[in-house]
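Sequence order for the protein chains is C and Z.
Using the working numbering, the first residue of the first sequence is number 9, and each one after it goes up by one.
Using the working numbering, the first residue of the second sequence is number 573, and each one after it goes up by one.
By construction, the Cβ of each residue, glycine as well, lies at the ideal position given by its N, Cα and C atoms.
Comments concern the structure below.
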Amino acid sequence: MTEENKVFVKLVSAEGQDFFVDQEVATTASNTIRCMLEGSFREAQDKVIRFPDISSYVLERVIKYMHYKAQYSNSNSRLPQFVIEPECALELLIAAKYLDC
Amino acid sequence: MARERGNGGRRQARGNVAEPERSVAEHVRERQRFVAEREANRLARPEEQPQANLDHANRKLSGVSTTPRGMLIKKGAGSNHLSQEWCGPFSVARQMIAKREEARLEREAELDEAQGNHPLDQVMLDLANEQKRKAHPALQWKSRPNLTNGDSIYAKRQKRQDVKLNEQKIPSLFQLCTRFLVDNFDCVDALGNVDSSIRAAIAKELVGSNKLDAQAFHAIAEVGIEALELVDCSSITQEDLCDSLEKLLPSGLRFLVLDQCGRCFGPQAANLIVKARVKNLFALAIGGAYVLSDADAASLVRTLSSTLSSIEFKACPMLGKETASAISESYSSATSAKLLELTLEDLPLDAESIASLTAIPAAFQNIQSLGLRFVDGLTDQNVDEILRMSGPTLEALDLSGNHQLTDSILSSIRQNCSGLRSLSLEGLKQLSSEGLEALFLHVPGMALPPMLRRLNLANCDHEAVSDEVIQLATQAAIRRQGDTDVHVANMLGGLVFLNIQGSTRLTDIGLEHLVHACGDSLVEVNFSFCTTVTDKGLGYLVDKCGNQLSKVQIWGNAQLSDEFLDGHRRVDDPNVEVVGAWIKKSTSRSVR
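As structure tokens, this is what we get:
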């Protein structure tokens, strides 16, 4: 995929912080985001998705996971462990359940 | 032995030296001697390739090859040197087989001669073949040209698995978090405001890693939760459970699902629930409570009947008549809730208990899902009574494991259960194919056959599920009447789940019917141990069904080869799972 074709989506956390993620990466990782961006919703038109119940530092970890998955999906190299901090483990679990990723 | 005499006659006709008519025993001995000699020769000299010989063309030579499909024609002079007897059951058997083959070939030859040879014979044959191919599209299925021809079986299997594994190599974030939490669960005091499905997933993972002890249990069973769902409660003591229940019940517990309870759900727990007089318990499912007595369970049902709509008792060996009559009595009163779901599995209910269960028809008026599995006391008559009471509203029926039931339950199902969507008759060995055909046959004037979405006929008698049964069942599932060939889009349902494990009468024709009727709705199929299904039929099924087909189980089918496993349309699609491919050298067609 060439550089010019990359489309970015904006994920907005509960505190209003914006995160820009490659659309390809976000849709392969999360089923919920894929459905939001494929249907005839405002999210698909604006390319902005708001998460009023996911806080910034949890959303940051989620995006980290998306990149981790995209990077190691089709490669045969040894899979490094994805580190989860204990403080946000529970909230990360809830967010993961919501995003289906 | 007509053949021997015939051969002798032929020899004389050819003008050979007229030998004295040999006795039958001598013929046999000579035959066996020759065969044994030739086989011994072949085994003794493995490097020597067997010469290609046109035995069938040259009548002077022996036509017997290693497969028993040769023509045992007399060799002619030259084999007078037998004095030894070579008797072996194997060679005798082989000779018998060969004789049978020869008799068949003779019969065919006679038939051919009788018909004579018409120049247009070949054309007629081609036409007949063409018609057969049109009628059975499965015969024409060709697998994709595969690029793995030279690989070993291990390489092929690895390639097949790689497609699937690529999807699963990286665990999902949900799995990662669950595992992390479970590994460090001693640091967790409370889960907080977590959805009950997440709670259940954590509980399952805890059970899986054997970490569900008292402290973990307290974290899971927090005050204020709506559902307590535990897959395995064997490491929880009764006191712990009672303490938790005491706190949970008043604060709004609605679903109590405890499987493999063991000692933890006993008289103490039951009495506690009775005394608490809860008003919001909606579903109760208890499995494996071997200390729960009949009387306690009965009082439980009676007190909870005002709100409880779903009851499940599984493998509780002390339950019996009292519980059954409690269910029947309490749900027929005006103040009780509607019993929507009843499952009784593996309980020692005798005929008397079942009779008390079915005593009052009003109890089963609204029931939607009924499961009576592995219950000894069920008889055809009981089932008939139950279905008559519950039939009109019943949507799911499960009578697996009661092998004493016969075809007459099929007639009760047909007459009473018009709204049935899911039927499971697994393991009912006495059902016959005529009964099953009658269940699904459309007869004007009789109630319509059930329009099913899920059908499970696994492990029935191996001759019970035939192609006709499948054809009728699938046609009933889409409400098609008769054998019309109208290609209308199937908007009216169709089977989603089909399990016909163990049927030896299912062939490619049955699969064609399945595709024709339910190709757009089928999601999961199970054709394990169906020995008459071939590569072509299955390939046709996977190719023609839509992309919603996600699981095909084919355990124990040695006749399927790489032609299907590597050649169907969706080999590269990770969403389709073919489970149970035979692990052997699948390139050789040695098992037929």
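Check, Outcome
"Which residue comes first and which comes last in the beta strand (DSSP E) that contains Asn1071 of chain Z?", "1069 to 1071"
"Please report whether the beta-carbon of Pro88 of chain C lies at a distance below 8 Å from any beta-carbon of chain Z.", "no"
"Taking only runs of the alpha helix (DSSP H) that begin and end inside the segment 866 to 894 of chain Z, which ones reach a length of at least 4 residues, in chain order?", "866 to 876"
"In terms of residue numbering, what span does the alpha helix (DSSP H) encompassing Leu971 of chain Z cover?", "It is not in any alpha helix (DSSP H) - Leu971 of chain Z carries neither H nor E in the DSSP assignment."
"Using a Cβ-Cβ distance cut-off of 8 Å, determine whether Ala97 of chain C contacts chain Z.", "yes"
"Please name the residues in the segment 755 to 769 of chain Z whose beta-carbon is closer than 9 Å to at least one beta-carbon of chain C, in chain order.", "Asn756, Cys759, Val760, Leu763, Gly764, Asn765, Val766, Asp767, Ser769"
"Compute the Euclidean distance between the alpha carbons of Ser904 of chain Z and His75 of chain C, then round it to the nearest angstrom.", "59 Å"
"So is Cys109 of chain C buried or exposed if we call it buried at 16+ other beta carbons inside 10 Å?", "buried"
"Return helix, strand or coil for Glu794 of chain Z, following the three-state DSSP convention.", "coil"
"With which residues is Lys1123 of chain Z paired in a DSSP beta bridge?", "Z:Glu1096, Z:Glu1149"
"Assuming the contact rule is C-beta atoms closer than 8 Å, Ala710 of chain Z and Lys1108 of chain Z should be a hit. Round their C-beta distance to whole Å, please.", "5 Å"
"Excluding the five sequence neighbours on either side, which residues of its own chain have a C-beta within less than 6 Å of the C-beta of Glu598 of chain Z, listed in chain order?", "none"
"Beta-carbon separation of Ser865 of chain Z and Lys893 of chain Z under 8 Å?", "no"
"So what's Phe946 of chain Z in DSSP terms, helix, strand or just coil?", "coil"
"Give the range of the alpha helix (DSSP H) segment to which Ser925 of chain Z is assigned.", "923 to 929"
"Could you give the DSSP three-state label for Gly1007 of chain Z: helix, strand or coil?", "helix"
"Give the range of the beta strand (DSSP E) segment to which Phe16 of chain C is assigned.", "16 to 20"
"Mind the definition here: the segment 903 to 920 of chain Z touches the segment 935 to 943 of chain Z only if three or more C-beta pairs lie below 8 Å; say whether that holds.", "yes"
"Counting only Cβ pairs nearer than 9 Å, list the residues of chain Z close to Leu67 of chain C.", "What Leu67 of chain C touches in chain Z: nothing, since even the nearest Cβ is about 12 Å away."
"Are the beta-carbon atoms belonging to Leu844 of chain Z and Glu818 of chain Z less than 8 Å from one another?", "yes"
"Would the segment 981 to 992 of chain Z and the segment 955 to 964 of chain Z be scored as touching if the rule is three or more Cβ pairs under 8 Å?", "yes"
"Bridge partners of Gly859 of chain Z, per DSSP?", "Z:Lys886"
"Are the beta-carbon atoms belonging to Ala775 of chain Z and Glu801 of chain Z less than 8 Å from one another?", "yes"
"Could you name the residues of chain C that Ser1122 of chain Z contacts, counting a contact when the two beta carbons are closer than 7 Å?", "Neighbours of Ser1122 of chain Z on chain C: none; closest Cβ ~16 Å, over 7 Å."
"Is Thr915 of chain Z helix, strand or coil by DSSP?", "strand"
"If you draw a straight line from the C-alpha of Ser1075 of chain Z to the C-alpha of Ala700 of chain Z, how long is it?", "29 Å"
"Tell me Ser996 of chain Z's beta-bridge partners as DSSP assigns them.", "Z:Asp970, Z:Asn1028"
"With distances taken between CB atoms, is the gap from Val850 of chain Z to Leu821 of chain Z smaller than 8 Å?", "yes"
"At least one CB of chain C closer than 8 Å to the CB of Leu748 of chain Z: is that the case?", "yes"
"Is Ile742 of chain Z close to chain C? Criterion is C-beta to C-beta, closer than 8 Å.", "yes"
"Name the residues in the segment 46 to 79 of chain C whose C-beta lies less than 8 Å from a C-beta of chain Z; which are they?", "Val70, Tyr73, Tyr76, Lys77"
"Within 10 angstroms of its Cβ, does Gln529 of chain Z collect 16 or more other Cβ (buried), or is it exposed?", "Not covered by the structure: residue 529 of chain Z. The range shown for chain Z is 573 to 1164."
"Use the C-beta contact count for Lys105 of chain C: other C-beta atoms within 10 angstroms, 16 or more gives buried, fewer gives exposed.", "buried"
"Contact between the segment 1030 to 1041 of chain Z and the segment 987 to 995 of chain Z is defined here as three or more beta-carbon pairs at a separation below 8 Å; is this criterion met?", "no"
"Can you tell me whether Ala842 of chain Z is buried or exposed, with buried defined as 16 or more other CB within 10 angstroms of its CB?", "buried"
"Do you know offhand how far Thr907 of chain Z's Cα is from Thr875 of chain Z's?", "11 Å"
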